[in-house]
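S.K.: Right, I'll just put the structure down here and ask away after.
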Amino acid sequence: MSSKAKKRKIDDSNGDGLVEAIDTLASSIKEMAGVMKSKVEIEKPLDCSLVIKEIKKIPGIDDDIFFEASEDLCVNPMKARYFLALSNDERRIWLLKRYHGRRVYDDSHFDCAC
Numbered sequence: 001m002s003s004k005a006k007k008r009k010i011d012d013s014n015g016d017g018l019v020e021a022i023d024t025l026a027s028s029i030k031e032m033a034g035v036m037k038s039k040v041e042i043e044k045p046l047d048c049s050l051v052i053k054e055i056k057k058i059p060g061i062d063d064d065i066f067f068e069a070s071e072d073l074c075v076n077p078m079k080a081r082y083f084l085a086l087s088n089d090e091r092r093i094w095l096l097k098r099y100h101g102r103r104v105y106d107d108s109h110f111d112c113a114c
């Protein structure tokens, strides 16, 4: 056996080094699996009906806010997941802060000088 081969050979008569290496490998695999699972959760399709149902539960949300928020949240899953993570009180504050006062449609054609 050459001197290089002797240096690479691990003298581990009780197997502790091998057990430690396997534990380290197992830990790394678990960490990678966790990252992959969270990525799948983020990319998982969002159920728009759930978002709409949750918006309808919030008192004091008018039709303009309802329609704009439901459309916005259904096309932006990350924003929707944030919204769904909030409590009902926080959702109401967030919706009003985010969508209150926005003009959803142009109603200038209703101004008639008849």
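Residues in the sequence shown are numbered consecutively from 1, following UniProt numbering. Just so you know, even glycine gets a beta-carbon here, dropped at the ideal spot from N, CA and C. Remember, it's a predicted structure, so these values are computed and weren't measured experimentally.
Per the contact definition of three or more C-beta pairs closer than 8 Å, is the region 16–28 in contact with the region 61–81?
M.R.: no
S.K.: So the alpha helix (DSSP H) Ser87 belongs to, where does it begin and stop?
M.R.: It is not in any alpha helix (DSSP H) - Ser87 carries neither H nor E in the DSSP assignment.
S.K.: Residues in the same chain with beta-carbon distance under 8 Å from Ala33, minus the five sequence neighbours each way, listed in chain order, please.
M.R.: none
S.K.: Using a Cβ-Cβ cut-off of 8 Å (strictly less than) and excluding sequence neighbours within five positions of Asp47, which residues of its own chain qualify?
M.R.: So no residue of the chain qualifies.
S.K.: Within 10 angstroms of its Cβ, does Cys112 collect 16 or more other Cβ (buried), or is it exposed?
M.R.: Any reading at Cys112 must be qualified, since the residue scores a pLDDT of 43, below 50, and its modelled position is unreliable; the value itself is stated next. Counting of Cβ neighbours within 10 angstroms places Cys112 among the exposed residues, the total staying below 16.
S.K.: Pull up the distance between the alpha-carbon of Arg91 and that of Leu84, whole angstroms please.
M.R.: 8 Å
S.K.: For Ala79, which residues from the same chain have a beta carbon less than 8 Å from its beta carbon, with the 5 sequence-adjacent residues on both sides left out?
M.R.: Contrary to the premise, residue 79 reads as Lys rather than Ala in this sequence. Listed in chain order, the non-local C-beta contacts of Lys79 below 8 Å within the same chain comprise Asp72, Leu73, local neighbours out to five positions each way being set aside.
S.K.: With 8 Å as the threshold, decide whether the Cβ of Asp63 is near any Cβ in chain B.
M.R.: In the structure shown, chain B cannot be found, because there is only a single protein chain.
S.K.: What's the gap between the Cα of Glu31 and the Cα of Lys37?
M.R.: 10 Å
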